[in-house]
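For reference, the structure is listed below as structure tokens.
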Amino acid sequence: MSKSKLLALTLLALATFNSSNTNAQRGSEPNQRRPRSVNTPPSSSRINTSNPASEEPEPEVVRVETNLVNTVFTAVDRDRHFITTLKADDLRIYENDTPQVISLFERETDRPLTLVILVDTSKSQERTLPEEKKAAKAFIRAVVRPDKDKVAIISFTGVPKVEQQLTENVSRLNRAIDSLRVQLPANNPNCEEERPAQEDPLCWTSIWDSVWESASEVLGQGDENSRRAIILLSDGDDTSSTIKRRDAIDAALKNNVAVYSIGIGDPELYKIEQDSL
Numbered sequence: 010m011s012k013s014k015l016l017a018l019t020l021l022a023l024a025t026f027n028s029s030n031t032n033a034q035r036g037s038e039p040n041q042r043r044p045r046s047v048n049t050p051p052s053s054s055r056i057n058t059s060n061p062a063s064e065e066p067e068p069e070v071v072r073v074e075t076n077l078v079n080t081v082f083t084a085v086d087r088d089r090h091f092i093t094t095l096k097a098d099d100l101r102i103y104e105n106d107t108p109q110v111i112s113l114f115e116r117e118t119d120r121p122l123t124l125v126i127l128v129d130t131s132k133s134q135e136r137t138l139p140e141e142k143k144a145a146k147a148f149i150r151a152v153v154r155p156d157k158d159k160v161a162i163i164s165f166t167g168v169p170k171v172e173q174q175l176t177e178n179v180s181r182l183n184r185a186i187d188s189l190r191v192q193l194p195a196n197n198p199n200c201e202e203e204r205p206a207q208e209d210p211l212c213w214t215s216i217w218d219s220v221w222e223s224a225s226e227v228l229g230q231g232d233e234n235s236r237r238a239i240i241l242l243s244d245g246d247d248t249s250s251t252i253k254r255r256d257a258i259d260a261a262l263k264n265n266v267a268v269y270s271i272g273i274g275d276p277e278l279y280k281i282e283q284d285s286l
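Position one of the sequence shown corresponds to residue 10 (the numbering used here), numbered consecutively onward.
See the structure below:
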């Protein structure tokens, strides 16, 4: 079986969370957002395209605090088959060894999806990127419902780059995937000279910075009622993140984002960092 077909099947297997995820709500503390990474421009530097003179006054917002926390999970048996017959009585949720009350339990079968396909375009992906692109397009073709689901395409080297903002337009997504390239600096094409990531980001890989950005700044700003996920395609070799893996995971949890990591590596030149992914 070709690499692209195998990867496509792996991605398509992830599509089962479209009908197999289960949601439980339990009591806990309110979520807090982590500060922005140093690789991300502060909000004051963003381009503001709105016209302040024509803006209407914002309506009054009523905020209600709640101790309910969503816990999204997928249940499988010992043979890795999905279990779809669970009831609330079958579950136990603990926090610091203390049992928690399950206030609401339901299967998620028809909620919209909000996804980020996060693609490593660093030097280590030079020979495998074409296969990743084929698999990503096959995944979109099989999973995304154009009238309901939204997807963003983000590439990353030493810094993440949004290739396509969240959209339900499949043609735009395919064009964004087609445009993905491994771009290396002209004055250091083999990345042999080790320069700081801030100076030469194309020769570095910041997986955890990119996961944090995807979870907090893209999916975290999207539809709160959708199911959120990141599909990460990488060999797992992080070389320059300023954010730790634990903090990236925390950002995903706080924004109700599931992260599916698929190890893609060049078997002849680069190994897949299994422990990292």
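C-beta: ideal position from N, C-alpha, C; glycine also.
It should be emphasised that the depicted structure is a prediction, and the values quoted were computed from it without experimental measurement.
Within 10 angstroms of its Cβ, does V110 collect 16 or more other Cβ (buried), or is it exposed? As a position in the sequence shown, residue 110 is number 101, starting the count at 1. By the 10 Å Cβ count, V110 comes out exposed.
Query - Buried versus exposed, by CB contacts within 10 Å (16 or more), N234 - result: Mapped onto the sequence shown, residue 234 falls at position 225. Exposed: under 16 other Cβ atoms inside 10 Å.
query: What does Q173 pair with, by DSSP beta-bridge criteria?
result: Residue mapping note: residue 173 aligns to position 164 of the sequence shown, counting from 1. Its beta-bridge partners are I162.
Expressed to the nearest angstrom, what Euclidean distance is found between the alpha-carbon atoms of I102 and N264?
In the sequence shown, counting from the first residue as 1, residue 102 sits at position 93. In the sequence shown, counting from the first residue as 1, residue 264 sits at position 255. Cα-Cα distance, rounded: 19 Å.
- Taking only the alpha-carbon atoms, compute the straight-line gap between S270 and R204 and give it to the nearest angstrom. Taking the first residue of the sequence shown as 1, we reach residue 270 at position 261. Taking the first residue of the sequence shown as 1, we reach residue 204 at position 195. Here the C-alpha atom of S270 lies approximately 28 Å from the C-alpha atom of R204.
Restricting to Cα atoms, I'd like to know which of K96, T130, L124 is closest to E115. Working through the sequence shown from its first residue, we reach residue 115 at position 106. For E115, the closest C-alpha among the options K96, T130, L124 is that of K96.
Chain-order list of residues whose beta-carbon lies under 8 Å from that of L193 (same chain, five-residue window excluded) = On the sequence shown, residue 193 is found 184 positions in, with the first residue counted as 1. For L193, where only same-chain residues beyond five positions count, the Cβ hits under 8 Å are K132, N199, C200, L211, C212.
Between N79, F91, E140, which lies nearest to L113 when the distance is taken from Cα to Cα?
By one-based count along the sequence shown, residue 113 stands at place 104. Of the listed residues, the one whose Cα sits closest to L113 is N79.
Is V220 helix, strand or coil when you go by DSSP?
The count along the sequence shown starts at 1 and reaches residue 220 at position 211. Secondary structure at V220: helix, using DSSP grouped into helix, strand and coil.
Suppose contacts are defined by Cβ-Cβ distances below 8 Å. Is L242 in contact with V266 by that definition?
Looking up residue 242 in the sequence shown gives position 233. Looking up residue 266 in the sequence shown gives position 257. For L242 and V266, no; Cβs fall outside 8 Å.
- Task: Express the C-alpha separation of I162 and I186 in angstroms, rounding to a whole number.
- Result: By 1-based counting over the sequence shown, the position of residue 186 is 177. By 1-based counting over the sequence shown, the position of residue 162 is 153. Taking the straight line joining both Cα atoms gives about 7 Å.
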